[in-house]
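Here the structure comes first, spelled out in structure tokens, and everything after it is commentary.
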Amino acid sequence: MKKINTRERLLDSAFETFYKHGFQGANIATILSDVGINKGSMYHFFKSKKELGLAVIKERIEKKLVDKYIKILSNETSLHLLFETLKNAPNTLPFGCPLNKMSQEMIYIDNDFKKLLTEVYKEFETCIIKIFIQEKIKDPSVKARYLISTYEGALMIYHLNQNLNTYKESIQLLEQSLSA
888 MKKINTRERL LDSAFETFYK HGFQGANIAT ILSDVGINKG SMYHFFKSKK
938 ELGLAVIKER IEKKLVDKYI KILSNETSLH LLFETLKNAP NTLPFGCPLN
988 KMSQEMIYID NDFKKLLTEV YKEFETCIIK IFIQEKIKDP SVKARYLIST
1038 YEGALMIYHL NQNLNTYKES IQLLEQSLSA
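And the structure:
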């Protein structure tokens, strides 16, 4: 039981650290201190910082993202709930989208990261496509990519200028364009 708890705490701390500071900017010593273990204990669970990073993508970023959008998909008003989720992103994602942030940093540096991040993105895109199919939106694949790119861009701009109105306007225009 304690081993599982330590592993989960490592993943949680690593996720928070990578999310705030980036994978390359993250200091393993900070994560270990936060969890209250030594480096040898970490190696019991993860052979390297890279292995820990890949586990964070799979077990934290992917799980949170896919679970959130599967919950939306199972709702009768999935399109409305999707846009409510997007509208609230600045409140729930204080450092931007974790998938986007990790992708921007790592896909050109490490092929294992690129492969896994691409798989997670595809799952995210598939969830949006399924919502659009359920809502009978034409060209669901094209419009899913449009939604994701607009949303990610609007979120990035929000984090640059901290203007919530500009963000909300972008998401509102996105919603209107998909509802038309």
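For the sequence shown, the numbering used here puts the final residue at 1067, and the numbers step up evenly by one. Beta carbons are placed, not taken as given, at the ideal position from N, Cα and C, and that holds for glycine. Source: prediction; values computed, not measured.
Three-state secondary structure (DSSP) of residue i
i: residue 983; result: strand
i: residue 948; result: helix
i: residue 995; result: coil
i: residue 1048; result: helix
i: residue 1026; result: coil
i: residue 918; result: helix
i: residue 1078; result: It is not possible to answer for residue 1078, since the shown part of the chain is limited to 888 through 1067.
i: residue 1031; result: helix
i: residue 910; result: coil
i: residue 1018; result: helix
i: residue 970; result: helix
i: residue 975; result: coil
i: residue 1040; result: helix
Neighbour-count burial assignment, residue i, 16 or more Cβ in a 10 Å radius
i: residue 963; result: exposed
i: residue 988; result: buried
i: residue 949; result: buried
i: residue 1060; result: exposed
i: residue 1038; result: buried
i: residue 920; result: exposed
Cβ-heavy atom distance, residue i to the ligand GTP, below 7 Å
i: residue 901; result: Only the bare structure without any ligand can be found here, which leaves the ligand GTP out of the picture.
Chain-order list of residues whose beta-carbon lies under 8 Å from that of residue i (same chain, five-residue window excluded)
i: residue 888; result: Unreliable placement is indicated for residue 888, whose pLDDT of 44 sits below 50; the coordinate value is still reported in the next sentence. Taken in chain order, the list of residues that qualify is empty.
i: residue 1032; result: 1012
Residue span of the alpha helix (DSSP H) that contains residue i, given as start and end
i: residue 942; result: 936-943
i: residue 932; result: 926-932
Close Cβ partners of residue i (< 7 Å) along its chain, the five nearest in sequence each way excluded
i: residue 944; result: 989, 1003, 1004, 1007
i: residue 1024; result: 1030, 1065
i: residue 907; result: 982
Is the segment 979-986 close to the segment 1030-1050, with three or more CB pairs under 8 Å?
yes
Segment contact, 8 Å Cβ cut-off, at least three pairs: the segment 924-944 with the segment 896-904
yes
Counting pairs of beta carbons, one from the segment 1013-1031 and one from the segment 946-957, are three or more of them closer than 8 Å?
yes
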